[in-house]
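Single-structure report; data block below.
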Amino acid sequence: MRKLTGALALTTAAVALAAGTAAAAPATPVAARHLALHSWTLLNEHGPGPNPGERLTARVSARTVDGHARGHVVVQHVFEESGTVRAEFDVDCLTVDGNGAITVTGPISRTVVTPVGGEPYLFEEGRHPEAGLTFYPADEQHQRRAGWNRTSPRTASEVVRCGAVAAGLWVIDGGTFLRRQAVYRKWILSCE
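Under my numbering, the first residue of the sequence shown carries the number 689, and numbering increases by one thereafter.
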């Protein structure tokens, strides 16, 4: 019975992790030819301080070259008493808006649920909803925020490709590093 209760709690957590936050904020992307984003962050959905009993992390490695984005994102939520939910998506868009918010979006490739003491299994196997993760600059209180969501008809949430996700999480550790590169091409003209 205890394993069944734990499995039900973990499945509920999988739905919550996969659902993320409910609203999306509009983004005004800044055109950039070459961007590289690397991030590892410890997040908290309850406030700016530590959250005993669970650990929510996001790891991003993404880049865009001449408007073509690629990369990988892993959002993992570990619950000490019930298990782990790990959502992964491949990046189809990397943007930076005029306020400095960095957004990556892409279709979820898989969500793996691992109950404590149990075997991992694929959650919603075969479904590949669009997902998004946005990192916001620090606010007036020097708090860094992030938004995480995925398209889900059950929770009436929708992630738009290249659209920012509203801040619903606090970044309590880690960092996000964005590198922009300007590319200049020389054209050699010859006259005869």
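Ideal placement from N, C-alpha and C gives every residue a C-beta, glycine not left out. Bear in mind that the values here come from a model prediction, so they are computed numbers and not experimental data.
Item                                                                                                                                                : Value
Assuming the contact rule is C-beta atoms closer than 8 angstroms, T772 and A746 should be a hit. Round their C-beta distance to whole Å, please.   : Wrong, their Cβ atoms sit about 14 angstroms apart, outside the cutoff.
Determine, using beta carbons only, whether T864 and S727 come nearer to each other than 7 angstroms.                                               : yes
Check whether the region 799–815 and the region 841–857 are in contact - that is, three or more C-beta pairs closer than 8 angstroms.               : no
Can you tell me the Cβ-Cβ gap for V853 and V847, rounded? I've got them flagged as a contact below 8 angstroms.                                     : 7 angstroms
Is L857 closer than 7 angstroms to A834 when the C-beta atoms are compared?                                                                         : yes
DSSP beta-bridge partners for F823?                                                                                                                 : I790 and A834
Roughly how many angstroms separate the alpha carbons of T811 and I796, rounded to a whole number?                                                  : Here residue 811 turns out to be Phe, not Thr, going by the sequence shown. Cα to Cα, F811 sits roughly 11 angstroms from I796.
What do you get for N837, buried or exposed, if any count of 16 or more other CB atoms within 10 angstroms of its CB means buried?                  : buried
What would DSSP say about S770, mapped onto helix, strand or coil?                                                                                  : coil
Since P736 and Q869 are thought to touch, with beta carbons under 8 angstroms apart, how far apart are those beta carbons, to the nearest angstrom? : Actually they do not touch by this definition, with Cβ atoms about 33 angstroms apart.
Check for me: the beta strand (DSSP E) holding R815 runs from which residue to which?                                                               : No beta strand (DSSP E) holds R815; DSSP gives it neither H nor E.
According to DSSP, simplified to helix, strand and coil, what is Q764?                                                                              : strand
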